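J.: Before anything else, here's the structure in question.
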Ligand SMILES: [Cu+2]
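Numbering (this note's numbering), first residue to last: 5 to 117.
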């Protein structure tokens, strides 16, 4: 009887955990835009974007610190405060990128459709 109760309770705990994750405000669907801001402080906004193949994405540094944009496996682009960098995405796929100076806090994704 005790075993049966434990087996019943476990799925409820998992469901509660999942509900907690969904409630953090992190958008499940990417934002359709070609503009990403390096907002104050140490973050990409929006973090996940969706663009059509062939589009160019522009990152603008609105922060007071130097940041970079490095798409996985590609060249690292340094972006000083107030400056921009643009990268063209010709092929479909999901491209993860980081600021190599603050890779722990600053990362994002470009989903090319
Ligand atoms: Cu940075």
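Cβ coordinates follow ideal geometry from the N, Cα and C atoms, glycine included. Source: prediction; values computed, not measured.
Relative to the C-alpha of residue 95, which residue among 82, 60, 68, 85 is closest?
T.: The residue labelled residue 95 in the question sits at position 91 within the chain shown. Per the Cα distances, 60.
J.: For residue 105 versus residue 81, is the C-beta distance shorter than 8 Å?
T.: Along the chain shown, one-based indexing puts residue 105 at 101. Along the chain shown, one-based indexing puts residue 81 at 77. No, the Cβ-Cβ distance between residue 105 and residue 81 is not below 8 Å.
J.: Can you tell me where the beta strand (DSSP E) holding residue 71 begins and where it ends?
T.: Walking along the chain shown from the start, residue 71 turns up at place 67. Residue 71 -> beta strand (DSSP E) spans 71-75.
J.: Are residue 76 and residue 99 touching if we call contact CB-CB under 8 Å?
T.: Against the chain shown, residue 76 aligns to sequence position 72. Against the chain shown, residue 99 aligns to sequence position 95. In contact: residue 76 and residue 99 (Cβ atoms closer than 8 Å).
J.: Considering only heavy atoms of ligand 1, does any lie closer than 7 Å to the CB of residue 46?
T.: Looking up residue 46 in the chain shown gives position 42. True, at least one ligand heavy atom lies under 7 Å from that Cβ.
J.: Mind listing, in chain order, the residues whose beta carbon lies closer than 5 Å to a non-hydrogen atom of ligand 1?
T.: Per the Cβ criterion, the list is 71, 103, 105, 106, 110.
J.: CB-CB under 6 Å to residue 43, same chain, minus the five flanking residues each way: which ones, in chain order?
T.: By one-based count along the chain shown, residue 43 stands at place 39. Taken in chain order, the residues that qualify are 49, 66.
J.: Going by the beta-carbon positions, is the gap between residue 112 and residue 40 smaller than 8 Å?
T.: As a working mapping, residue 112 is identified with position 108 in the chain shown. As a working mapping, residue 40 is identified with position 36 in the chain shown. Their beta carbons are under 8 Å apart, which means residue 112 touches residue 40 by this criterion.
J.: Whose C-beta lies closer than 7 Å to the C-beta of residue 63 among residues of the same chain, with five residues either side of it excluded?
T.: In the chain shown, the residue the question calls residue 63 occupies position 59. So the qualifying residues of the chain are 40, 42, 73, 83, 88, 89.
J.: Just the Cα atoms here: how many angstroms apart are residue 117 and residue 85?
T.: Locating residue 117 in the chain shown gives position 113, counting from the first residue. Locating residue 85 in the chain shown gives position 81, counting from the first residue. For residue 117 and residue 85, the distance between alpha carbons rounds to 30 Å.
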